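Below: the structure, in structure tokens.
There are 2 protein chains.
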Amino acid sequence: MSFPSPQHDHGPCVVHALQVAEEECRRRGARLTDIRRRVLELVWRSHAPIGAYALLEALGKAAPPTVYRALDFLLAHGLIHRIEKLNAFVGCPHPGHAHPGQFLLCRQCGAAAELNDESIEQAVRRAAEKTGFLVAGLVVEAEGLCPACRKDAV
Amino acid sequence: MSFPSPQHDHGPCVVHALQVAEEECRRRGARLTDIRRRVLELVWRSHAPIGAYALLEALGKAAPPTVYRALDFLLAHGLIHRIEKLNAFVGCPHPGHAHPGQFLLCRQCGAAAELNDESIEQAVRRAAEKTGFLVAGLVVEAEGLCPACRKDAV
DNA sequence: TTGCGGAACGTTATAATATAACATTTAGCC
DNA sequence: GGCTAAATGTTATATTATAACGTTCCGCAA
Ligand SMILES: [Zn+2]
Ligand SMILES: [Zn+2]
Ligand SMILES: [Zn+2]
Ligand SMILES: [Zn+2]
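Chains A and B, in that order, are what the protein sequence lines are. Take 1 as the starting number for the first sequence in the numbering used here and just add one per residue. Take 155 as the starting number for the second sequence in the numbering used here and just add one per residue.
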């Protein structure tokens, strides 16, 4: 919910995310195969949202469909989110209940933070209702400066 | 601000948009060249957001950079918006003051409506502030059913 | 008017992102 | 073990976007 400090030790976050993912997949009867786990780990290891071809390269010998299929699986089970603005992917810090993500993207350091603010979704839903539109999915992506980069910029 | 009825006569909308664009460009000292005007007209003629390569085809004999340059110009001067989710473009119904768009995108008929709801932006700004993040740009894209398609679906 | 200089455009090639189609392997189940 | 469906491998190609460089056009000023 808060912005990840750039110098925090990210290792434990990755380990924790993988544990949660194992659990969540078990609960759902979904198979977190080796490739899928490796992609998820790579996504988490990256501090910033990471693109499919960067993942592909990190995986070593693999073709595009391999990584896209893994990403599709992870998206379908709510373990990652896609950032539309960046054509990139980021780990979900609290999978288990389906939700659209709301993201803060630092234009300086690339870091991303996920919000899940009820009032944002409500504001959209209310405004949409006024026009008679029924909201089914929602993309919210704010670009700007994270706390650390904001300080640096003075 | 409200959803465009699918059977409304779109011709006048296009004509009006082009007039406003002429005016706005004059005001800004920007050149609305033939290509740029044709691209803007094509964007407006399309009921739904339209992609760069569809515009390219409609233009006839032209190469990608031609249409992308025109789109860049139109974006820079606030005459169109880009829909990130769709990699597509839509005319702005009220250019003249820079603003991020907030969009309602019908998954059935493809129609798009632009909102400019203060409360949405405020909700995002407030939630971002809590984390110390400074918002500079904002993408809001809701997917769902427009009033007409909602009725059809019962 | 003519020539200058920058903006706009043309053209070719290529980068970056994503999917189609089909063969092969693997994992779970009886 | 043998069956089946899911997962993965493999090749080709679609889709979206930009780089690089040459040419043309347009406003402006000598
Ligand atoms: Zn999430
Ligand atoms: Zn930052
Ligand atoms: Zn607008
Ligand atoms: Zn519709």
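Note that CB positions come from ideal geometry on N, CA and C, so glycine has one too. Keep in mind it's a predicted model, so treat the numbers as computed, not measured.
- Query: Among the residues of its own chain, which have a CB less than 8 Å from the CB of B:Pro311, if the five just before and after it don't count?
  - Reply: Since the first and last residues shown for chain B are 155 and 308, residue 311 of chain B lies out of range.
- Message: For B:Ser200, would you say it is in contact with chain A, using Cβ-to-Cβ distances shorter than 9 Å as the test?
- Response: As a position in the second sequence, residue 200 of chain B is number 46, starting the count at 1. The beta-carbon of B:Ser200 is placed no less than 9 Å from the nearest beta-carbon of chain A.
- Item | Classification of B:Ala223 by the beta-carbon crowding that lies within 10 angstroms, buried from 16 upward | Taking the first residue of the second sequence as 1, we reach residue 223 of chain B at position 69. It is worth fixing the name first, because residue 223 of chain B is Arg in this sequence and not Ala. Counting Cβ neighbours within 10 Å, B:Arg223 comes out exposed, since fewer than 16 surround it.
- Query: Which residue spans inside the stretch 52-117 of chain A form an unbroken alpha helix (DSSP H) run of at least 4?
  - Reply: The stretch 52-117 of chain A contains these whole alpha helix (DSSP H) runs: 52-59 and 64-76.
- Message: One question on the structure: do A:Val140 and B:Val244 come within less than 9 Å of each other, judged by their Cβ atoms?
- Response: Here residue 140 of chain A refers to the residue found at position 140 when the first sequence is read from its first residue. Here residue 244 of chain B refers to the residue found at position 90 when the second sequence is read from its first residue. For A:Val140 and B:Val244, no; Cβs fall outside 9 Å.
- B:Gly165 - DSSP class collapsed to helix/strand/coil: As a first step, residue 165 of chain B is located in the second sequence; it is residue number 11 there, counting from the start. Three-state DSSP puts B:Gly165 in a helix.
- Query: Just to confirm, are B:Leu259 and B:Ile237 a CB contact at a threshold of 9 Å?
  - Reply: Reading the second sequence from its first residue, position 105 is the one you call residue 259 of chain B. Reading the second sequence from its first residue, position 83 is the one you call residue 237 of chain B. Yes, they are a contact pair.
- Who pairs with A:Glu143 in a beta bridge, going by DSSP? Stepping through the first sequence from its first residue, residue 143 of chain A is reached at position 143. A:Leu105 and B:Gly291, per the DSSP bridge assignment.
- Query: Which residues mark the beginning and the end of the alpha helix (DSSP H) in which A:Ile50 is found?
  - Reply: For the purposes of this step, residue 50 of chain A is taken as the residue at position 50 of the first sequence. Run containing A:Ile50: none; DSSP gives neither H nor E here.
- Message: Quick check: the Cα distance between A:Cys146 and B:Val308, rounded to an integer number of angstroms?
- Response: In the first sequence, residue 146 of chain A corresponds to position 146, counting from 1. In the second sequence, residue 308 of chain B corresponds to position 154, counting from 1. Rounded to the nearest angstrom, the gap between the Cα atoms of A:Cys146 and B:Val308 is 45 Å.
- Got a sec: does ligand 1 put a non-hydrogen atom nearer than 8 Å to the Cβ of A:Glu114? Taking the first sequence and counting its residues from 1, the one referred to as residue 114 of chain A is at position 114. Relative to ligand 1, the beta carbon of A:Glu114 is positioned inside 8 Å of a heavy atom.
- Message: With H, G and I counted as helix, E and B as strand and the rest as coil, what does DSSP make of A:Leu18?
- Response: Here residue 18 of chain A refers to the residue found at position 18 when the first sequence is read from its first residue. Helix at A:Leu18.
- Query: Out of curiosity, what's the CA-to-CA distance linking A:Ala148 and A:Cys109?
  - Reply: On the first sequence, residue 148 of chain A is found 148 positions in, with the first residue counted as 1. On the first sequence, residue 109 of chain A is found 109 positions in, with the first residue counted as 1. Looking at the two C-alpha atoms, the distance is approximately 9 Å.
- Query: What's the call for A:Pro49, buried or exposed, on a 16-neighbour Cβ count within 10 Å?
  - Reply: Counted from its first residue, the first sequence places residue 49 of chain A at position 49. Result: buried.
- Report yes if the C-beta of A:Ala76 is less than 8 Å from at least one heavy atom of ligand 2; otherwise report no. Here residue 76 of chain A refers to the residue found at position 76 of the first sequence. Distances taken from the Cβ of A:Ala76 to the heavy atoms of ligand 2 include none shorter than 8 Å.
- Query: With distances taken between CB atoms, is the gap from A:Leu56 to A:Thr66 smaller than 9 Å?
  - Reply: Counted from its first residue, the first sequence places residue 56 of chain A at position 56. Counted from its first residue, the first sequence places residue 66 of chain A at position 66. The criterion of a C-beta distance shorter than 9 Å is satisfied by A:Leu56 and A:Thr66.
- Message: Quick check on B:Leu225 - is its C-beta less than 9 Å from some C-beta in chain A?
- Response: In the second sequence, the residue the question calls residue 225 of chain B occupies position 71. Not an interface residue.
- Task: Pick helix, strand or coil for B:Ser156, following the three-state DSSP scheme.
- Result: Position 2 of the second sequence, counted from the start, is the residue given in the question as residue 156 of chain B. Coil, per DSSP.
- Task: Could you tell me whether the Cβ atoms of A:Ser2 and A:Ala113 are closer together than 9 Å?
- Result: To locate residue 2 of chain A, count along the first sequence from 1; it is residue 2. To locate residue 113 of chain A, count along the first sequence from 1; it is residue 113. Yes. Within cutoff.
- Is the shortest distance between the beta-carbon of A:Pro12 and the beta-carbons of chain B less than 9 Å? As a first step, residue 12 of chain A is located in the first sequence; it is residue number 12 there, counting from the start. It does not; no Cβ of chain B falls within 9 Å.
- What residues in its chain sit with their C-beta under 6 Å from that of A:Ile85, if we drop five residues either side in the sequence? Along the first sequence, read from residue 1 onward, the residue named residue 85 of chain A stands at position 85. The residue you asked about is not Ile; residue 85 of chain A is Lys in the sequence shown. Once the five neighbours on either side are set aside, the close Cβ partners of A:Lys85 are Glu141.
- Task: Using a Cβ-Cβ cut-off of 9 Å, state whether A:Gly132 counts as contacting chain B.
- Result: Within the first sequence, numbered from 1, the residue matching residue 132 of chain A stands at position 132. Residue-level contact check: A:Gly132 touches chain B, since one or more beta carbons of chain B fall below 9 Å from its beta carbon.
- Query: With burial defined as no fewer than 16 other Cβ atoms inside 10 Å of the residue's Cβ, what is the status of A:Gln7: buried or exposed?
  - Reply: Start at 1 with the first residue of the first sequence, and residue 7 of chain A comes out as number 7. With fewer than 16 neighbouring CB atoms inside 10 Å of its own CB, A:Gln7 falls in the exposed class.
- For B:Gly264, decide whether its Cβ has a neighbour in chain A, counting only Cβ atoms nearer than 9 Å. For this step, residue 264 of chain B is matched to residue 110 along the second sequence. Under the Cβ criterion of 9 Å, B:Gly264 is not counted among the residues facing chain A.
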